[in-house]
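Notes follow once the structure below has been shown.
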Amino acid sequence: MSAQSPSSPPAAPPEDAPPPQAEAAPKGASGRADLASFWQALRHLEGRRLTIGLVLLILGTLTEGMTILMFLPVLKLVGAGGTVVDMSGVDLPGLGFLPERIPLGALLLGIVALTALQMAFNRTKAVYLSDLIHDFTNFYRIALFRDVAHARWDHVARIPRTRIEHALSGEIERLYLAAYLVLTILQSLVGLLLYFGLSLMISAPMTILSYGFGVVALLLMRPFRRLATVYGDRLQAQRQAQLHAVSEFVGSLKMARSMNLESRYLRLFGGILDQTRDDAREFTRQTTLGGGLFQFAVVSGASLFIWVALGWAHLDVARIVILLLLFMRTAPRFLGVQASLQQLMVDLPAWGAINRLQQDLRAHSDAAMGGSAPIAAPRRDIRLDRVTWRFPGEARNALTDCSLTLRVGEMTVLAGPSGAGKSTAADIILGLLQPEQGRVLIDGAVLATEQLRGWRDRTGYVAQEPFMLNDTIRANIAIAAAAGDAVDDGRILAALDLASAGFVRALPQGLDTEMGDRGTLLSGGERQRIAIARALLRRPDVLILDEATSALDWENEEALVKAIEGLRGQMTILAITHRPALIRAADAVYVMDEGRIVEASRPREGAALPESYLGRMTR
1 MSAQSPSSPP AAPPEDAPPP QAEAAPKGAS GRADLASFWQ ALRHLEGRRL
51 TIGLVLLILG TLTEGMTILM FLPVLKLVGA GGTVVDMSGV DLPGLGFLPE
101 RIPLGALLLG IVALTALQMA FNRTKAVYLS DLIHDFTNFY RIALFRDVAH
151 ARWDHVARIP RTRIEHALSG EIERLYLAAY LVLTILQSLV GLLLYFGLSL
201 MISAPMTILS YGFGVVALLL MRPFRRLATV YGDRLQAQRQ AQLHAVSEFV
251 GSLKMARSMN LESRYLRLFG GILDQTRDDA REFTRQTTLG GGLFQFAVVS
301 GASLFIWVAL GWAHLDVARI VILLLLFMRT APRFLGVQAS LQQLMVDLPA
351 WGAINRLQQD LRAHSDAAMG GSAPIAAPRR DIRLDRVTWR FPGEARNALT
401 DCSLTLRVGE MTVLAGPSGA GKSTAADIIL GLLQPEQGRV LIDGAVLATE
451 QLRGWRDRTG YVAQEPFMLN DTIRANIAIA AAAGDAVDDG RILAALDLAS
501 AGFVRALPQG LDTEMGDRGT LLSGGERQRI AIARALLRRP DVLILDEATS
551 ALDWENEEAL VKAIEGLRGQ MTILAITHRP ALIRAADAVY VMDEGRIVEA
601 SRPREGAALP ESYLGRMTR
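Taking UniProt numbering, I'd label the letters of the sequence shown as residues 1 to 619.
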């Protein structure tokens, strides 16, 4: 960077200070309300830096105006001859410090030097404003990222993933463009105001005439700016639909290929693109009409300006030339204000979308993110005591009066039909969800909200469909280590051995083997065992396996069950499964149905009833 901002950029907001957030206009509200909200946020966040930016804009325009004014005495020599400029008759602001007679060469050299200074100044100004825009945009990108991370799990899980992805990528980029356009409009307005003052000192009537045309033209363009707001709302919805279609297609590519559904996805995606093209065509038709009318008004004003200047105002040639130079500077600025305002109305709906998502996430923030009180490892048991929980918006409870006990060092299994509430119970034990009624007890003490993050540090979790980085096996396992916890290859290999994932040692590249996007370069069973090794790397006190053996063949399942049995006494294990092998190895089994515990057994102490759910599973 060639220029550094005088104040520290807010690119990384502190954890305990959420970003300033203006009240977002509701969807469908006027673009004016969105613009006011956006300007309020920009001014609140970048207050001092924004003021410095405005000063830089003013100084940049002043140097440009000074360069033009210095040509006025030079033009007086046209037709008169001579190489010395008489400044005695020049009464213009900013030139009073010059002597009455200046050699032409010296004055021209001064103009060249001022132009060079202006170039360097404009470069510094451009870098400064670029930093300001990037810092503002990144502030909200990080803030939105944090809002997602700090929202309650039950709420985030129900937000469409593509909505979050689109907000963090596409909408934030439109926010960058909106901030850039706001500064562009400010720069144009500052230029117009300063040139207005300079023009007044040359000829007030001609200045009022030229600026009057520009202001009237801007007012006449208001309907076209309203159309831009409508188009911006439609564009936002269509881009989100595009991302959803692409994500859905890529995520189900194997299924789509196997069922010959490619054409269906192509039609869906093509339909969205056709609608986007039709909307863009209509918007282009309207904007080109508006732009043409605006240019017509400006050219008409310029023609009238020249006619009045020559036929009525009787200005000398030098003043007419300077006024024309100023007009040539102001006309593009009027055009720029209109074009920037119109494009701003297209991009501004992204601001509303980001604000609505942030407000939604903050309204459902996770209270556990407020602190991380330490909690001791369990020594006796972990209990759910008459826990009831319901997903937001659902009529039926996911758990009702649910009580179960996990004895420390034992393996407990949750079994039962799909939708019985097993994963919900596991999420509550993990500390991802908090009971609406009832308690979670660790050695008889209630697990408090401020202890949830500390409790999660003591747990390891393996999902039915584990998430994998598009990286090496080493990176996918090492990511589970706590911050500051050094992980060497020996520790990773030990975790792989515990997870019955010895196949990694036989791979040509070993731990450096690439897993591909979502781990697709490995089989489902191999991915599952790597996920288990990742959880074991944390050395958890409680290990939760959510259908973790479902993708394994019977031989690997038996090997993994033996490995899990070997962990008895080292950690407490909770396994959700439909597979008999884990049930037979369990110390305790709970059967769930419709959110309730309907059967409990300790297989090592006695067989289940033949007609019971467990009895039928283990025959």
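Note that CB positions come from ideal geometry on N, CA and C, so glycine has one too.
Since we're looking at a predicted model, the values are computed, not measured.
Chain-order list of residues whose beta-carbon lies under 6 Å from that of residue i (same chain, five-residue window excluded)
i      : result
Arg602 : Ala588
Ala563 : Leu498 and Ser500
Ala11  : Its pLDDT being 38, under 50, Ala11 is placed unreliably by the model, and the measurement read from it follows with that caveat. Cβ neighbours of Ala11 beyond the five flanking positions: Asp135 and Asn138.
Ala350 : Glu171, Arg174 and Leu175
Asp593 : Gly416 and Ala420
Thr276 : Gln238
Ser188 : Arg333, Gly336 and Val337
His244 : Thr162
Ala29  : The predicted position of Ala29 is uncertain, since its pLDDT is 47 and thus under 50; a value taken from the coordinates is nonetheless stated next. None.
Ala531 : Val462 and Pro466
Buried versus exposed, by CB contacts within 10 Å (16 or more), residue i
i      : result
Phe296 : exposed
Leu537 : buried
Leu432 : buried
His44  : exposed
Trp307 : exposed
Arg505 : exposed
Asp347 : buried
Gln343 : buried
Pro508 : exposed
Val112 : exposed
Asp546 : buried
Ala143 : buried
Ser418 : exposed
Ala179 : buried
Gln359 : exposed
Glu262 : exposed
Leu292 : At residue 292 the sequence reads Gly, which differs from the Leu that was named. Under this definition Gly292 is an exposed residue.
Glu410 : buried
Asp443 : exposed
Val371 : Residue identity differs from the one stated: residue 371 is Gly in this sequence, not Val. That one is exposed.
Arg529 : buried
Gly502 : exposed
DSSP beta-bridge partners of residue i
i           : result
Trp389      : Leu399
residue 628 : Since the first and last residues shown for the chain are 1 and 619, residue 628 lies out of range.
Arg407      : Asp381
Val589      : Val413 and Ser601
Ser365      : Ala151
Met201      : Bridge partners of Met201: none, in fact.
Gln437      : Thr388
Arg568      : Met571
Arg596      : Asp593
Residues near residue i in its chain [Cβ-Cβ closer than 7 Å; skip 5 each side]
i      : result
Ala535 : Gly460, Tyr461, Val462, Ala480 and Leu543
Arg604 : Asp587
Leu399 : Val387, Thr388, Trp389, Gly421, Thr424, Ala425 and Gly595
Ala367 : Thr449
Leu56  : Lys125 and Tyr128
Tyr195 : Gly65, Leu326, Arg329 and Thr330
Leu62  : Leu194
Glu23  : Residue placement at Glu23 is poorly supported in this model, since its pLDDT is 41, which falls under 50; the coordinates still yield a value, given next. These residues qualify, in order along the chain: Ser37.
Asp517 : Asn470
Supposed contact pair residue j and residue i - C-beta distance, whole angstroms, cut 8 Å
i      : j      : result
Val408 : Arg383 : Wrong, their Cβ atoms sit about 11 Å apart, outside the cutoff.
Leu218 : Phe334 : 7 Å
Phe213 : Gly301 : 3 Å
Leu552 : Leu560 : 6 Å
Arg362 : Asp154 : Not confirmed; about 15 Å, so no contact.
Asn556 : Met515 : Between Met515 and Asn556 the Cβ distance is about 18 Å, and since that is not below 8 Å, they are no contact.
Ala377 : Asp541 : 5 Å
Ser403 : Ile573 : The Cβ separation is near 19 Å, so there is no contact.
Asp385 : Arg439 : 5 Å
Glu183 : Ile133 : Going by the sequence as given, residue 183 is Leu instead of Glu. 7 Å between Cβ atoms; contact.
Cβ shell of residue i (< 8 Å), same chain only, five flanking positions each side left out
i      : result
Asp512 : Thr472, Ile473 and Arg474
Ala116 : none
Ile583 : Val413, Ala415, Thr577, Val589, Pro603, Leu614, Met617 and Thr618
Gln242 : Phe269, Ile272, Leu273 and Thr276
Ala585 : Met411, Val561, Ile564 and Glu565
What ranges does the alpha helix (DSSP H) occupy inside the segment 440-514, keeping only unbroken runs of at least 4 residues that lie completely in it? Counting whole runs of 4 or more residues, the segment 440-514 contains the alpha helix (DSSP H) stretches 452-456, 473-478, 489-498 and 503-506.
In chain order, each alpha helix (DSSP H) run of at least 4 residues that lies wholly inside the segment 319-373: 349-363
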